[in-house]
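Take a look at the structure set out below.
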Amino acid sequence: MSDDRQALAKRVQALEDRLDIIQLIMSYPLALDSGSSDYARSAWSPTGIFDRGNENPAEHSGSYLGAYGVDKIIEETTGPAVRKAREHGMAHLMTAPHVVIDGDRAVATNHNQLVQWNGETFVSPRITSNRWELVRQNGRWRIERRILRLLTGSKEARELLGRELAP
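Position in the sequence shown (first residue = 1) + 249 = the working numbering.
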């Protein structure tokens with residue numbers, strides 16, 4: 250293959266990787282909000298970890314504390330609290346991620362806003378910074394670790410957003 254073809258093949262692969270990662274991250278909240286637990290599970294590496302930070306309930310998001318694996322993630326998303334929130338109106342709104350790819354590993358960073366219907370209007374109880382550490386397994390990108398921090402002014406949440414930005 251000529252150098253031009255090799256360069257083009259690399260560029261196309263990089264575009265496909267970036268698109269696949271964006272699709273994964275943007276489709277994940279759709280799975281949560283629709284109750285598509287099979288899709289949600291398939292988005293994660295079998296050894297995936299969801300890290301919500303320290304165990305102070307005022308400083309993390311959701312029912313589970315700290316960091317935990319795929320089985321707990323699916324238990325939470327199919328559990329009664331999330332099911333009830335779905336039935337009352339809930340949406341996880343993601344911003345498009347900033348993506349950095351390094352071979353079969355990637356990092357994506359974005360914001361997530363939870364919006365809920367309270368019977369009269371929509372309210373937003375939380376906005377978070379997100380770091381998605383991804384791995385390509387069997388030709389498919391999966392979530393290896395998701396780090397989520399409430400945007401309450403903490404240095405850690407701000408640093409999470411800027412960690413992958415190049416000067």
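We put the beta carbon where it would ideally sit given N, CA and C, even for glycine.
Check: Beta carbon of Leu397 nearer than 8 Å to that of Arg391; Outcome: no
Check: CB contact flag (Ile350, Arg260, <8 Å); Outcome: no
Check: Glu336 in three-state terms, based on DSSP; Outcome: helix
Check: Exposed unless 16 or more other CB atoms sit within 10 angstroms - verdict on Leu257; Outcome: exposed
Check: Reference Pro374, options Lys404, Pro346, Trp381 and His341, closest by Cα; Outcome: His341
Check: Contact the stretch 286-294 vs the stretch 331-339: 3+ CB pairs below 8 Å; Outcome: no
Check: Val356 vs Ile271 beta-carbon contact at 8 Å; Outcome: no
Check: Beta strand (DSSP E) segments (min. 3 residues) lying fully within the stretch 312-400; Outcome: 316-318, 339-343, 347-351, 354-366, 371-386 and 389-399
Check: Beta bridge counterpart(s) of Ile298 as assigned by DSSP; Outcome: Gly318 and Arg394
Check: Pair within 8 Å by beta-carbon distance, Arg395 and Asp282; Outcome: no
Check: Inter-residue spacing [alpha-carbon to alpha-carbon] between Ile323 and Glu393; Outcome: 15 Å
Check: Proximity of Asn359 and Met339 at Cβ, strictly below 8 Å; Outcome: no
Check: Thr377 beta carbon less than 8 Å from that of Leu410; Outcome: no
Check: Alpha-carbon spacing of Leu279 relative to Ser286, whole angstroms; Outcome: 10 Å
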